[in-house]
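Let me begin by presenting the structure, written as structure tokens, before commenting on it.
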Amino acid sequence: MSYGQQSYGGGYGAPPGGGYGGGGYGAPPGYGGGGPGPGGFAPVSSGPPPGADPQLWSWFTAVDTDRSGHISVHELQKALINGDWTPFDLDTVKLLMSIFDTDRSGTIGFNEFAGLWKYIKDWQNVYRHFDRDQSGSIDRNELSEALRQFGYNLSPQLLQLVERKYDVLKGTGPPVGPGAAQQGITFDRFVRACVVIKQVTESFQRLDTDRDGWVQINYEQFMHTVLSLP
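Letter by letter, the sequence shown follows residues 1 to 230 of this note's numbering.
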């Protein structure tokens with residue numbers, strides 16, 4: 001296996017119809033209203049923060065179902081869907097949270113959400129680009145081409161391993177019945193596969209100080225490297 005120095009240019013986006021559901025969300029009404037009251041909690045503004053995109057704010061408030069002002073991993077999972085309307089894999093959602101939860105609070109605020117939104121939209125464009133047959137999923141050849149263009153030249157054996165790991169239906173036989181999910185890697189798993197391969201490669205590169213494609217590490221280093229990965 002050879003690994004490239006090329007990085008993923010920023011972030012990439014989702015498959016046709018993937019990402020947050022298509023219709024868009026409406027901002028919920030704020031608390032309060034009416035005439036003067038006896039006091040208590042101050043009304044929560046239903047409008048976006050200064051300078052914020054109103055549409056993006058409405059999506060954020062719709063995802064923030066408990067009105068905490070922050071989005072949890074489970075709230076985010078409920079809001080994310082693939083192009084075939086299947087929910088995002090929880091491990092992928094946790095990975096996205098780990099990338100954008102910059103203050104390590106366990107949740108994401110509006111500014112972090114805005115970065116996540118753009119990241120998913122960028123990945124949508126990439127997914128569409130490599131889904132050559134427009135099937136709504138990524139097959140082995142499309143996956144190989146995507147990774148090659150990202151700078152990761154995996155052997156056929158490793159590519160097969162990646163496909164088996166991220167294609168949820170691989171090895172279970174062809175889909176049966178109307179509306180059955182088709183084989184291939186869905187958008188959420190494609191994003192996770194690419195990000196994980198990038199992070200694993202970067203972890204190896206940090207150990208491969210002479211850049212000869214070989215490393216010698218002890219058990220402690222190996223476990224630290226593995227456990228530090230998503």
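Every residue gets a Cβ at the ideal spot worked out from N, C-alpha and C, and that includes glycine.
Within 10 angstroms of its Cβ, does residue i collect 16 or more other Cβ (buried), or is it exposed?
{"i": "residue 209", "result": "exposed"}
{"i": "residue 155", "result": "exposed"}
{"i": "residue 105", "result": "exposed"}
{"i": "residue 191", "result": "buried"}
{"i": "residue 152", "result": "buried"}
{"i": "residue 222", "result": "exposed"}
{"i": "residue 217", "result": "exposed"}
{"i": "residue 90", "result": "exposed"}
{"i": "residue 226", "result": "exposed"}
Under 8 Å by Cβ, that's how I've got residue i and residue j pegged, so tell me the actual separation to the nearest angstrom.
{"i": "residue 215", "j": "residue 207", "result": "4 Å"}
{"i": "residue 60", "j": "residue 113", "result": "5 Å"}
{"i": "residue 83", "j": "residue 187", "result": "6 Å"}
Kindly indicate which three-state DSSP category residue i falls into: helix, strand or coil?
{"i": "residue 217", "result": "coil"}
{"i": "residue 50", "result": "coil"}
{"i": "residue 29", "result": "Confidence at residue 29 is low in this model, with a pLDDT of 34, below 50, so the placement of that residue should be treated as unreliable; the coordinate-derived value is given next. Coil at residue 29, not helix or strand."}
{"i": "residue 76", "result": "helix"}
{"i": "residue 141", "result": "helix"}
{"i": "residue 82", "result": "coil"}
Look at the Cβ atom of residue i, then the Cβ atom of residue j, and state whether they are nearer than 8 Å.
{"i": "residue 137", "j": "residue 184", "result": "yes"}
{"i": "residue 95", "j": "residue 116", "result": "no"}
{"i": "residue 92", "j": "residue 189", "result": "yes"}
{"i": "residue 142", "j": "residue 128", "result": "no"}
{"i": "residue 71", "j": "residue 107", "result": "yes"}
{"i": "residue 110", "j": "residue 49", "result": "yes"}
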